[in-house]
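Quick note on my numbering: the sequence shown kicks off at 73 and runs consecutively.
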Amino acid sequence: MDCKEMILSEDTYDIITDFSASEFLGDDNNCYERIGEDFLILYLGNLGIRNPKIDFFPYHNMPKLYGLMQLSPSGETPPGVAPFDPADLIASGITQVQRPPLSLTGQGVILCFIDTGIDYQNPVFLDENGNSRILAIWDQTVQTGAPPDGLKYGSEYRREDINLALRSEDPYSIVPSRDENGHGSILAGVAAGSVVRQGNSYIGAAPGADIVVVKLKECKQYLRSFYLVPEGVPAYQENDIMAGVLYLVSLAKKRQQPLVICLGLGTNAGSHRGGLPLARMLEGLGSSVGITIVAGTGNETARGHHFEGQISSESGYEDVEIRVAEGENGFFLELWANAPETYSVAIRSPNGEVIPRIYVRPGRIEILNFALAQTRVELSYRLSVTGTGEFLALLRFINITPGVWTVRVYNDLFITGRYHMWLPIESFLRQDTVFLRPSEFITLTSPSDAANVISVSNYNHQNNSIYLYSGRGYTTDGRICPDLAAPGVGIEGFTSSLSGVGNELRRVQRSGSSAAAAHMAGAAALFCQWTRESGIRYFSSADVRTYFIRGAKRDSSRTYPNREWGFGTLDLYGVFRNLQTQIF
73 MDCKEMILSE DTYDIITDFS ASEFLGDDNN CYERIGEDFL ILYLGNLGIR
123 NPKIDFFPYH NMPKLYGLMQ LSPSGETPPG VAPFDPADLI ASGITQVQRP
173 PLSLTGQGVI LCFIDTGIDY QNPVFLDENG NSRILAIWDQ TVQTGAPPDG
223 LKYGSEYRRE DINLALRSED PYSIVPSRDE NGHGSILAGV AAGSVVRQGN
273 SYIGAAPGAD IVVVKLKECK QYLRSFYLVP EGVPAYQEND IMAGVLYLVS
323 LAKKRQQPLV ICLGLGTNAG SHRGGLPLAR MLEGLGSSVG ITIVAGTGNE
373 TARGHHFEGQ ISSESGYEDV EIRVAEGENG FFLELWANAP ETYSVAIRSP
423 NGEVIPRIYV RPGRIEILNF ALAQTRVELS YRLSVTGTGE FLALLRFINI
473 TPGVWTVRVY NDLFITGRYH MWLPIESFLR QDTVFLRPSE FITLTSPSDA
523 ANVISVSNYN HQNNSIYLYS GRGYTTDGRI CPDLAAPGVG IEGFTSSLSG
573 VGNELRRVQR SGSSAAAAHM AGAAALFCQW TRESGIRYFS SADVRTYFIR
623 GAKRDSSRTY PNREWGFGTL DLYGVFRNLQ TQIF
């Protein structure tokens, strides 16, 4: 089996490492890809393990699964009923800088999306001559074409290929890349779309930017089973997202253009302080000039998926109740605490069956069988998670019985008695599987918790209210996150038929964290165009965030920064007013 086959094979295990892993590299059964200077993705074969348990590999080595920060339908308007309403762009100060004297469109900037792909035939991605504004697509799901330089799987299609396909009677015979989901296409339209067709006009935030798309392949079945993610739910591997980031950075460097990356994906895995490999990779890139990274905070507030615990030195323990919905198959539960504290747990099932306190025994996995509930729980304690040094208790509930489960948490080494627990993101669970006493804060998803990433929450520009589900901060180590809020409720756009036949446009409205991230990414592309054309210098993600915060709108009735709005709402026109021709 060659390396490409191993990468795609369901019999191969994907491992993320941040060391040389030289003991694996000489094995003929394995292959690897380097992801920048700090990470290596190993593809390990012939291990003979079909159903890995939670101690299969160290926590930080197992790729986490990321889901879409879903865009909820907010309505659909028949074409021609009313003109396109750019109220969200006006609220963000974007239309003001699209007009003279600045006349910014994002020209010369590469605006990128790592997502479900793009409907390249959609007119919102064509220029006035009918040519594609898409610079390139790396489709990780198509293996018939040539992969990008330095990568071993998927197919890359450049603008000339896409234009040839657009002129063909059978476009998909030339560029067989589709967006079957539609999520990525809508994000790209919000950030960079433009069209005048069928009596409709539409403009995104950066209608002149070059567009590059990474279409992610679905996760391998062993990881879907390992993390107990339901079949049919979009789920993507952390290492594939990291490879997508590497591809975008390499392409931008070759073209010597500024790069803006929009991420509409997220996970509840990790301690919510930027410790996962993807977040650490983005943190490093976010300090590099010419690269701006934007991530939405997710749609996890009011979902009941975060519990913030506090155990006093007198009580010694706390009961955490989880209501498990009918039809729930199972899930991962993560308990995190700062070093040097450690915790242990006992578990009670809905019918009163109790597994007493399981003390911390490093390096062991505990298999807990509930005979009456016919449920198995795998429990593993990690005294120091690589990369952060934090304490982690992992609980994997398998074939779980519905009802109220109780996890009794004991503090073994008291310092503060504070700890956090997270359930998976909303798309990975049944709606009614929740903590009975959840916390609405620290509900932002990773990678929006990464340092040097512009972290974006979601608000309704029509009534200036925060979106009910918008992920809230701060990070568990107290870092301010989100940075800013952007419009993400009732955002208008156009979609065309997913079949690509006829390209009939439909005017739609969408709400969600991804829409806010796309909005912010488009604004960042406009700002990067201005810095490039002004001859000042390229800015890093951290630089762009600083200027955006300075120019943000702030409501006098609120205290800033705060956990919902960060430092305020996006106001790109305010950024330029704040500059007043002086950049330093």
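C-beta: ideal position from N, C-alpha, C; glycine also.
Residue i vs residue j beta-carbon contact at 8 Å
i: Ile394; j: Val305; result: no
i: Pro434; j: Leu455; result: yes
i: Pro243; j: Gln193; result: yes
i: Ala260; j: Thr177; result: no
i: Thr339; j: Ser529; result: no
i: Ser249; j: Val196; result: no
i: Val284; j: Ala367; result: no
i: Gly638; j: Leu556; result: yes
i: Glu105; j: Ala315; result: yes
i: Ala589; j: Leu354; result: no
i: Gln446; j: Asn423; result: no
i: Glu406; j: Leu464; result: yes
i: Pro554; j: Leu516; result: yes
i: Ala264; j: Ser518; result: no
i: Gly362; j: Gly594; result: no
i: Ile182; j: Leu318; result: no
i: Val396; j: Thr505; result: yes
i: Leu485; j: Glu413; result: yes
Supposed close pair residue i, residue j - CB separation, criterion 8 Å
i: Tyr546; j: Arg635; result: 6 Å
i: Ser613; j: Ile234; result: Their Cβ separation, rounded to whole angstroms, is 28 Å, which puts Ser613 and Ile234 out of contact at 8 Å.
i: Leu348; j: Glu310; result: 7 Å
i: Arg604; j: Gly180; result: 6 Å
i: Glu564; j: Arg579; result: 7 Å
i: Gly139; j: Leu335; result: Rounded, the Cβ-Cβ distance is 12 Å, inconsistent with contact.
i: Ser542; j: Ser585; result: 7 Å
i: Leu540; j: Thr373; result: 7 Å
DSSP-derived helix/strand/coil call for residue i
i: Gly265; result: coil
i: Thr478; result: strand
i: Asp233; result: helix
i: Trp637; result: coil
i: His591; result: helix
i: Thr447; result: strand
i: His492; result: strand
i: Gln293; result: helix
i: Val247; result: coil
i: Phe317; result: The question names Phe, but residue 317 in the sequence shown is Val. DSSP places Val317 in helix when its eight states are reduced to three.
i: Tyr349; result: One point to set straight first is that residue 349 is Pro, not Tyr, in the sequence displayed. Looking at Pro349 - three-state DSSP - the assignment turns out to be helix.
i: Thr505; result: coil
i: Glu77; result: helix
i: Glu355; result: helix
i: Pro135; result: coil
Straight-line gap, residue i to residue j (C-alpha atoms, nearest Å)
i: Gln534; j: His591; result: 15 Å
i: Glu303; j: Ala341; result: 19 Å
i: Gly459; j: Cys291; result: 24 Å
i: Gly574; j: Leu238; result: Annotation note: pLDDT 47 at Gly574 (below 50); position unreliable, coordinate value reported separately. Each residue's alpha carbon lies about 12 Å from the other.
i: Arg609; j: Ser511; result: 43 Å
i: Leu357; j: Tyr225; result: 23 Å
i: Asp83; j: Pro135; result: 16 Å
i: Ile552; j: Ser520; result: 11 Å
i: Trp602; j: Arg327; result: 18 Å
i: Thr618; j: Asn532; result: 23 Å
i: Arg582; j: Ile333; result: 20 Å
i: Leu508; j: Asn133; result: 32 Å
i: Cys184; j: Ile313; result: 12 Å
i: Asp90; j: Leu137; result: 18 Å
i: Ile162; j: Pro428; result: 59 Å
i: Glu386; j: Thr548; result: 24 Å
i: Arg171; j: Cys600; result: 16 Å
i: Ala281; j: Ser384; result: 55 Å
i: Tyr308; j: Phe620; result: 30 Å
i: Thr615; j: Val286; result: At residue 615 the sequence reads Asp, which differs from the Thr that was named. Near 25 Å, if we compare the C-alpha coordinates of Val286 and Asp615.
i: His377; j: Leu116; result: 33 Å
i: Ile107; j: Ile113; result: 7 Å
Exposure label - residue i; buried when at least 16 CB within 10 Å
i: Glu400; result: buried
i: Arg375; result: buried
i: Thr216; result: exposed
i: Pro559; result: buried
i: Ile79; result: buried
i: Lys325; result: exposed
i: Thr188; result: buried
i: Asp251; result: buried
i: Val449; result: buried
Any non-hydrogen atom of the ligand GDP closer than 7 Å to residue i Cβ
i: Leu238; result: The ligand GDP is not among the ligands present in this structure, which contains no ligands whatsoever.
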